[in-house]
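S.K.: If you scroll down you'll find the structure; I have some questions about it.
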Amino acid sequence: MIDEIKKHCMVHEKYGFTLPYLYKIELDAGRKKTIEEIFLFLSKHQECKYIISYCSDLDEFIIGLHKNEYAPVEMYHNFGNLHYDQDKIGVFNEISELILFFCNKYQKIIDSNHYSKNIDTQKWE
18 MIDEIKKHCM VHEKYGFTLP YLYKIELDAG RKKTIEEIFL FLSKHQECKY
68 IISYCSDLDE FIIGLHKNEY APVEMYHNFG NLHYDQDKIG VFNEISELIL
118 FFCNKYQKII DSNHYSKNID TQKWE
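For what it's worth, my numbering labels the leading residue of the sequence shown as 18, then goes sequentially.
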């Protein structure tokens, strides 16, 4: 997952992946992780600063690397190296609250085997 995020954000200059897509990356690589495991893994990974931001094109949250065009990373709330845009998501006191927020938003989509949102139709596929 780390290599995929780095390549997508640094080499291809994209902003990130939706959580269902990250789940699928891990599943396809034989590293199946729950939403909780993905968040805990990213929060503890020391090499990079990860950020959860809002993608208006998809009308979804994405997880990627912090970019220079964003506000300074210190401006975001965080759990370890996992930062998030509190203006779009809200403020959470515990990482478990953040995980629950995203489980409520994306677990049913993942359970229905939809991992990618079509930018044209705005439907999960």
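Glycine residues also receive a C-beta, built at the ideal position from the N, C-alpha and C atoms.
On a predicted model such as this, the values are computed, not experimentally measured, just so you know.
Go to N121, then tell me how far its alpha helix (DSSP H) extends in each direction, as first and last residue.
M.R.: Its alpha helix (DSSP H) spans residues I112 to D128.
S.K.: From the DSSP output, in three-state form, read off K23 for me.
M.R.: Residue state, collapsed to three classes: helix.
S.K.: Which same chain residues, not among the five before or five after E43, have their C-beta less than 8 Å away from its C-beta?
M.R.: M18, K49, K50 and I55.
S.K.: Just to confirm, are D104 and S70 a CB contact at a threshold of 8 Å?
M.R.: Contact flag unset, no.
S.K.: What does E77 pair with, by DSSP beta-bridge criteria?
M.R.: Note: E77 sits in a beta bridge opposite C72.
S.K.: Hey, quick one: how far does the alpha helix (DSSP H) through F56 stretch, first residue to last?
M.R.: I52 to K61 is the extent of the alpha helix (DSSP H) around F56.
S.K.: If you run the structure through DSSP and keep just helix, strand and coil, what is Y40?
M.R.: In the structure shown, Y40 sits in a helix (DSSP, three-state: H, G or I).
S.K.: In whole angstroms, what separates the C-alpha of H29 from that of H94?
M.R.: Approximately 26 Å between the Cα atoms of the pair.
S.K.: Tell me whether T35 is buried or exposed, calling it buried when 16 or more other Cβ atoms sit within 10 Å of its Cβ.
M.R.: When all chains shown are included, T35 counts as buried.
S.K.: Tell me which residues share the same chain as M27 and place their Cβ nearer than 8 Å to its Cβ, disregarding the 5 neighbours each side in the sequence.
M.R.: L82, listed in sequence order.
S.K.: Measure from the alpha carbon of K125 to the alpha carbon of each residue in Y40, K24, H25 and K31, then state which is nearest.
M.R.: Among Y40, K24, H25 and K31, the Cα nearest to that of K125 belongs to Y40.
S.K.: Output needed for H62: all residues of its chain with C-beta closer than 7 Å, excluding positions within five of it in sequence on either side, in chain order.
M.R.: Excluding positions up to five away in sequence, the list reads I19 and N98.
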